[in-house]
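Position one of the sequence shown corresponds to residue 157 (my numbering), numbered consecutively onward. Single-structure report; data block below.
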Amino acid sequence: MFCEFNRELQGLMIEKSDQLKKAQIKERLTTFKNGLAADRYEFFSTPFIFSQTDFEKLSSDLKHLLDAQTNIMNQIYQQRSKQEILDYFMIPNVLRAYINWQRLLSGEQTIARLDLVPHKKGYSLCGMNLHTGVGGMACGDAYDLLMESLSLEPYYDHGKVSAYLTLAEEIKTLCRQQKYERLVILDWQSHADKGYPSFELMQLSFIQAGVRLPVITHTEQSYPEAWLAPEEARKTLVYRGFGLNEIDPYDEFLHALLESEANILHGFEDELRSNKRWLALMWDEAYQARLTPEQKQAIKQYLPYTCLLSQDTLPHFIANKNDYLFRGNGTTRGQGVLAGKAYSDAELEKKLLKIGVENVLVQEFMEADDMPILHDTDEQPAGHKFVLGLYIMGERSQGLAIRGSKVCDRINLSSGLSKTGWAAIINEQEKDQLIEAVRRL
């Protein structure tokens with residue numbers, strides 16, 4: 157398991173805290189963060205690792221979960237109208253014309269990040285992020301910088317762990333298949349202003365991977381109007397770096413772009429597939445009946461029991477609140493996640509009513525595993541709990557981003573008490589070599 161696999165390494169890093177200070181890791185990571193304008197991020201000053209054997213099994217099993225989602229999507233499509241489906245997943249009316257139903261029904265994807273909580277018995281799925289704007293990939297580059305600062309080989313099969321490298325290969329293949337003249341990585345200014353990493357690393361990775369097109373970054377404020385004309389739009393591949401929650405769905409530029417003939421990765425079917433209601437749908441017995449044995453097993457093993465809250469079930473879950481987490485369906489990055497045991501019955505009911513009972517998912521609570529690490533080289537070690545983000549790009553899995561907090565079960569990137577990092581995938585021999593190298597620091 158993640159914590160157990162890391163305990164010896166993290167214990168050594170605690171012992172070597174003086175060497176970490178001498179290597180000026182904190183300062184170098186701050187410079188790296190500032191270069192990306194990533195004010196919202198704080199990077200761990202210590203590396204993490206993940207068992208290659210466990211990673212391969214986890215990747216294979218989680219693909220069955222994605223297949224289960226596609227299976228259920230096809231069942232829903234046969235049973236309900238498009239309007240009913242879009243109502244259920246709360247897609248704004250004004251954007252419903254920009255849903256690619258073929259992608260939804262085929263399960264085609266460019267990139268996904270599945271968020272997992274490590275506990276003593278395994279891993280629990282807490283989020284499915286199946287869209288091109290998914291965050292956290294810059295953590296791999298921060299890991300490379302950390303290892304270089306300590307003069308340690310990154311211990312990875314291709315030397316570097318950057319998640320952008322695999323994504324770049326996917327994009328390069330796509331560009332070869334079509335006749336484009338430019339690739340635009342499109343951010344939204346309100347998203348950029350929130351302190352998330354800029355897209356320069358992605359841009360550089362695409363160029364270094366040999367994408368034989370000009371690779372340009374823009375926001376809605378800088379995107380050239382001339383490229384919205386049909387002739388130029390057809391020559392443009394747009395990588396969408398923003399999500400529905402960052403935009404005004406009535407924005408004039410957005411609709412001009414969507415109405416142009418630009419090829420956009422992807423439409424708002426990504427938001428539909430990332431909706432947290434899928435966590436409850438996978439436990440619906442009617443849909444499970446038509447899943448494969450592998451899909452059912454993946455749900456049972458990795459997804460704690462989840463259902464939608466209702467007025468009828470509210471008293472039951474309030475009475476048994478210590479066994480459950482309560483999630484607002486629109487919540488992201490740990491915000492709005494309520495641990496039932498943290499509140500009195502009256503306090504919890506008041507909060508749930510404020511969110512809106514119909515917008516709350518109830519999930520069986522699994523106690524997250526923890527381990528002591530250095531939260532900062534200037535502080536004493538403290539116990540931390542983690543969320544791991546496993547990336548899947550096309551058919552390939554690629555590393556794990558980490559979010560960790562020393563305070564509570566709700567791990568939130570926007571909190572100054574949370575940090576982010578990366579876990580390199582290594583085998584037992586490489587782990588032994590790494591630990592020996594750290595001993596010599």
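C-beta atoms are modelled at their ideal positions from N, C-alpha and C, and glycine is treated no differently.
**Study point:** Beta-bridge partners of Gln364, as assigned by DSSP
**Key:** What you label residue 364 is simply residue 208 of the sequence shown in a count that begins at 1. None; Gln364 has no bridge partner.
Practice item. Keeping to the same chain, check which residues put their C-beta closer than 6 Å to that of Phe152; ignore five residues upstream and five downstream. Key: The structure shown does not extend to residue 152, since the chain spans only 157 to 597, so no value can be given for it.
Exercise for review: Express the C-alpha separation of Leu530 and Val594 in angstroms, rounding to a whole number.
Suggested key: Taking the first residue of the sequence shown as 1, we reach residue 594 at position 438. Taking the first residue of the sequence shown as 1, we reach residue 530 at position 374. Going from the Cα of Val594 to the Cα of Leu530 covers about 15 Å.
Check your understanding: In three-state DSSP terms, what is Asn419?
Key -> Position 263 of the sequence shown, counting from 1, holds the residue named residue 419. Three-state result, Asn419: strand.
Review point. Nearest to Ile170 by CA position, among Tyr547, Gln536 and Lys562, is which residue?
Key: As a first step, residue 170 must be located in the sequence shown, where it is residue number 14. It is Gln536.
Practice item. Taking all protein chains shown into account, decide if Tyr395 is buried (16 or more other Cβ within 10 angstroms of its Cβ) or exposed. Key: Here residue 395 refers to the residue found at position 239 when the sequence shown is read from its first residue. Burial call: buried.
Exercise for review: Please find out if some non-hydrogen atom of the ligand PLP comes closer than 7 Å to the beta-carbon of Asn485.
Suggested key: For the structure depicted, the ligand PLP is absent and the ligand set is empty, with no information on it obtainable.
Review point. What's the C-alpha gap between Thr488 and Asn401?
Key: Residue numbering aside, residue 488 sits at position 332 when the sequence shown is read from its first letter. Residue numbering aside, residue 401 sits at position 245 when the sequence shown is read from its first letter. Model confidence at Thr488 stands at a pLDDT of 48, short of 50, so the residue's coordinates are unreliable; what they give is reported in the following sentence. If I take the Cα positions, the gap works out to 10 Å.
Review point. Tyr352 and Ala194: beta carbons closer than 8 Å?
Key: To locate residue 352, count along the sequence shown from 1; it is residue 196. To locate residue 194, count along the sequence shown from 1; it is residue 38. Contact flag set, yes.
Review point. Which one of Phe424, Tyr379 and Asn227 has the shortest CA to CA distance from Asp440?
Key: Counting from one through the sequence shown, the residue named residue 440 turns up at place 284. Checked all of Phe424, Tyr379 and Asn227; the closest Cα to Asp440 is Asn227.
Review point. Does the Cβ of His314 have 16 or more other Cβ atoms within 10 Å, making it buried, or fewer, making it exposed?
Key: The residue you call residue 314 lines up with position 158 of the sequence shown. Because the pLDDT of His314 is 45, which lies under 50, any placement of that residue in the model is unreliable, and the number read from its coordinates should be weighed accordingly. Counting Cβ neighbours within 10 Å, His314 comes out exposed, since fewer than 16 surround it.
Check your understanding: What are the partner residues of Ser215, as DSSP defines its beta bridges?
Key -> Reading the sequence shown from its first residue, position 59 is the one you call residue 215. Bridge partners of Ser215: none, in fact.
Review point. From which residue to which residue does the beta strand (DSSP E) around Arg115 run?
Key: Nothing about residue 115 can be reported from this structure: the residues present for the chain run from 157 to 597 only.
**Study point:** Rounded straight-line distance, which links the Cα of Leu301 to that of Leu421
**Key:** Within the sequence shown, residue 421 is the residue found at index 265, counting from 1. Within the sequence shown, residue 301 is the residue found at index 145, counting from 1. So the two alpha carbons sit approximately 30 Å from each other.
**Study point:** Own chain residues within Cβ distance below 8 Å of Ile455, not counting five before or after
**Key:** The residue given as residue 455 occupies position 299 in the sequence shown. Within the same chain, Ile455 has close Cβ partners Leu221, Ala224, Met438, Trp439, Gln444 and Leu447.
Review point. Taking C-beta to C-beta, are Leu384 and Leu339 nearer than 8 Å?
Key: Counted from its first residue, the sequence shown places residue 384 at position 228. Counted from its first residue, the sequence shown places residue 339 at position 183. No, these two residues do not count as a Cβ contact at 8 Å.
Practice item. Could you check if Gln585 is buried or exposed, using at least 16 other CB atoms within 10 Å of its CB as the buried criterion? Key: Stepping through the sequence shown from its first residue, residue 585 is reached at position 429. Exposed, since its Cβ has fewer than 16 Cβ neighbours within 10 Å.
Check your understanding: Cβ of Ala436 within 8 Å of Cβ of Leu504?
Key -> As a working mapping, residue 436 is identified with position 280 in the sequence shown. As a working mapping, residue 504 is identified with position 348 in the sequence shown. Taking 8 Å as the Cβ cut-off, Ala436 and Leu504 do not qualify as a contacting pair.
Exercise for review: Please name the residue or residues paired with Asn285 in a DSSP beta bridge.
Suggested key: Your numbering for residue 285 matches position 129 in the sequence shown. DSSP lists Arg269 as partners of Asn285.
Check your understanding: Which residues does DSSP pair with His540 in a beta bridge?
Key -> Residue 540 sits at position 384 when you count from the first residue of the sequence shown. Met527, per the DSSP bridge assignment.
Review point. What number of angstroms, rounded off, separates the C-alpha of Asn162 from the C-alpha of Phe206?
Key: Taking the first residue of the sequence shown as position 1, residue 162 is located at position 6. Taking the first residue of the sequence shown as position 1, residue 206 is located at position 50. Cα to Cα, the separation comes out at about 8 Å.
Check your understanding: What residues are listed by DSSP as bridge partners for Asp343?
Key -> Taking the first residue of the sequence shown as 1, we reach residue 343 at position 187. For Asp343, which the question treats as bridged, DSSP gives the partners Thr375.
Point to revise | Cβ-based burial, His472 [other Cβ within 10 Å; buried from 16] | key: Here residue 472 corresponds to residue number 316 of the sequence shown, with the count starting at 1. That one is exposed.
**Study point:** Beta-carbon proximity of Lys507 to Lys477, cut-off 8 Å
**Key:** Locating residue 507 in the sequence shown gives position 351, where the first residue counts as 1. Locating residue 477 in the sequence shown gives position 321, where the first residue counts as 1. Not in contact: Lys507 and Lys477 (Cβ atoms no closer than 8 Å).
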